[in-house]
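Residue numbers (the working numbering), protein chains in the order written: chain A, 1 to 271; chain B, 272 to 490.
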């Protein structure tokens, strides 16, 4: 009898969990739908975008992150070159250092690191700010007055993040290239002219488009995930850190997954 | 009789504790109804009116429609015809008091920024809040926050207002002045209060008591 009850309780709990997960997924899809609808209505409805919030978002996400991105980019540029130099000398391809940098950093690590920094800085800020607004009843009060929280609170963060990560990825690449230039000069004694020529051969105008697109996709997705995590917080203070953790973890997985999709698609496209 | 709010045999929200006895009442157009109750009951009552939740039994009708069956955009359209001040006040922490009034006017009422600013300044003036307009909610005294919440609801100039325990910390004289403002500006009002004094009774067309003994006309 007791075993049967335990089994039934287990099945009930499992069913409840599955239903909860299903509801969560449905809610997430609905939220993404509202965001897409709000973005599509923007050209008709530009007056209803909170421009102040958009500028604040770009300032916090992009401008305030520039020093840390610069430091990281210099280090990554120099480190990749230092590691690649030893192998390049072994195989006698020192002149290819610029191309290695173009492939590894410009296309892959630049957008990826910019996105990781943004998830860590702005993703946490977005999730905690919106979760606090939820807990304090701000979101409910605005909804009660007929304000669409997606229009007011989410849209400026989405656009701001997409612009910011795209620009930060370009900025990261520019600084990393400079770091690589210094490293090749000091380690491989490669004249800067040769390094830049090698870099020119490894890069194409399409790479600028790729970096901007990747950055925008990372920024947009990160902001959607963190806004969703914040806005669905339960109305208790303990829900704030939980929302932040959830948002950041999912955003990190998203960034790596999208990066992999971009790389595989590009590899298939060019092969 | 034109009924604006109609509760018929409602026993609370779905997925929440049921009320012991079902609640039925009607608020006709052009009246102020006062419900004296506790916060555990006033919050679900107003949430049901605004379509945030589904009644577990019975039927809730507001302005001729059942709010909970509406889709998101229809529910938003309905809420845009209602001025509401709930608990907690929900003033946005990172906006000044002035912006807290301007933003809903632009985003919900559809006023241009210039019109919203003009209406906000007028509202702040009549509510005696002008000196606090550049202050953020966290720095406002309790009575000013409550007045500000009422100001935000009034600024929308809607014919129906739902107020949850309004002006609880505001002194009697000021409460009387502010309520007469609401009465003059708003056609129909439903107020749920936890106040013990009878100041709100002066303005009410009907007063209800709602406690463990049920929902009934106040003595």
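Note that the Cβ used here is the ideal one computed from N, Cα and C, for glycine as well.
If we ignore side chains and look at the alpha-carbon of each, how far apart do residue i and residue j end up?
| i | j | result |
| --- | --- | --- |
| residue 103(A) | residue 77(A) | 12 Å |
| residue 309(B) | residue 249(A) | 41 Å |
| residue 157(A) | residue 247(A) | 14 Å |
| residue 471(B) | residue 450(B) | 8 Å |
| residue 354(B) | residue 18(A) | 39 Å |
| residue 195(A) | residue 407(B) | 55 Å |
| residue 453(B) | residue 216(A) | 48 Å |
| residue 9(A) | residue 311(B) | 31 Å |
| residue 463(B) | residue 434(B) | 6 Å |
| residue 313(B) | residue 176(A) | 60 Å |
| residue 326(B) | residue 316(B) | 10 Å |
| residue 28(A) | residue 237(A) | 22 Å |
| residue 425(B) | residue 225(A) | 35 Å |
| residue 476(B) | residue 307(B) | 14 Å |
| residue 484(B) | residue 300(B) | 28 Å |
| residue 294(B) | residue 329(B) | 9 Å |
| residue 281(B) | residue 340(B) | 15 Å |
| residue 469(B) | residue 460(B) | 17 Å |
| residue 79(A) | residue 410(B) | 50 Å |
| residue 141(A) | residue 350(B) | 11 Å |
| residue 182(A) | residue 202(A) | 18 Å |
| residue 486(B) | residue 292(B) | 8 Å |
| residue 315(A) | residue 364(B) | Given a span of 1 to 271 for chain A in the structure shown, any question on residue 315(A) remains unanswerable. |
| residue 256(A) | residue 210(A) | 16 Å |
| residue 440(B) | residue 285(B) | 32 Å |
| residue 283(A) | residue 240(A) | Residue 283(A) lies beyond the stretch modelled for chain A, which goes from 1 to 271, so this question has no answer here. |
In chain A, what lies closer than 8 Å to residue i by C-beta?
| i | result |
| --- | --- |
| residue 364(B) | 132, 133, 136, 138 |
| residue 439(B) | Within 8 Å Cβ-Cβ: nothing; residue 439(B) doesn't reach chain A, min ~16 Å. |
Buried or exposed: residue i, going by 16 or more other Cβ atoms within 10 Å of its Cβ?
| i | result |
| --- | --- |
| residue 402(B) | exposed |
| residue 116(A) | buried |
| residue 173(A) | buried |
| residue 138(A) | buried |
| residue 52(A) | exposed |
| residue 319(B) | buried |
| residue 41(A) | exposed |
| residue 369(B) | buried |
| residue 481(B) | buried |
| residue 405(B) | exposed |
| residue 304(B) | buried |
| residue 55(A) | exposed |
| residue 443(B) | exposed |
| residue 85(A) | buried |
| residue 93(A) | exposed |
| residue 360(B) | buried |
| residue 67(A) | exposed |
| residue 393(B) | exposed |
Note down, in chain order, every chain B residue with its Cβ under 7 Å from the Cβ of residue i.
| i | result |
| --- | --- |
| residue 48(A) | 378 |
If the cut is a Cβ gap below 9 Å, which residues of chain A does residue i touch?
| i | result |
| --- | --- |
| residue 275(B) | The premise fails here: residue 275(B) is roughly 17 Å from chain A at the closest Cβ pair, so nothing lies under 9 Å. |
| residue 309(B) | Residues of chain A passing the Cβ test: none, with the nearest at roughly 18 Å. |
| residue 347(B) | 143, 146, 147, 148 |
Anything in chain A within Cβ reach of residue i, meaning under 7 Å, just list it in chain order.
| i | result |
| --- | --- |
| residue 461(B) | Within chain A, no residue comes near residue 461(B); the closest Cβ sits about 13 Å away, beyond 7 Å. |
| residue 298(B) | Those do not exist, as residue 298(B) stays about 17 Å from chain A at its closest Cβ, beyond 7 Å. |
| residue 375(B) | 142, 145, 147 |
| residue 427(B) | 145 |
Does the Cβ of residue i lie closer than 7 Å to at least one heavy atom of the ligand SAH?
| i | result |
| --- | --- |
| residue 169(A) | Although the ligand SAH was asked about, the structure shown includes no ligands whatsoever. |
Q: Could you name the residues of the segment 278-293 of chain B whose beta carbon sits closer than 9 Å to any beta carbon of chain A, in the order they occur along the chain?
A: none
Q.
Short of 8 Å Cβ to Cβ, which residues in the segment 141-175 of chain A face chain B?
A. 141, 142, 143, 144, 145, 146, 147, 148, 151, 152
(Q) Short of 9 Å Cβ to Cβ, which residues in the segment 314-340 of chain B face chain A? (A) 317, 318, 321, 323
Q | Ranges of the beta strand (DSSP E) found wholly within the segment 412-445 of chain B, counting only runs of at least 3 | A | 431-435
Q) Using a beta-carbon distance cut-off of less than 9 Å, what residues from the segment 350-363 of chain B approach chain A? A) 350, 351, 352, 353, 354, 355, 356, 357, 358, 359, 360, 361, 362, 363
Q: Write down every uninterrupted run of the beta strand (DSSP E) in the segment 292-331 of chain B whose length is 3 residues or greater and which is fully enclosed by it, in chain order.
A: 294-299, 303-307
(Q) At 4 residues or longer, what runs of the alpha helix (DSSP H) sit wholly inside the segment 107-177 of chain A? (A) 110-118, 124-135, 138-144
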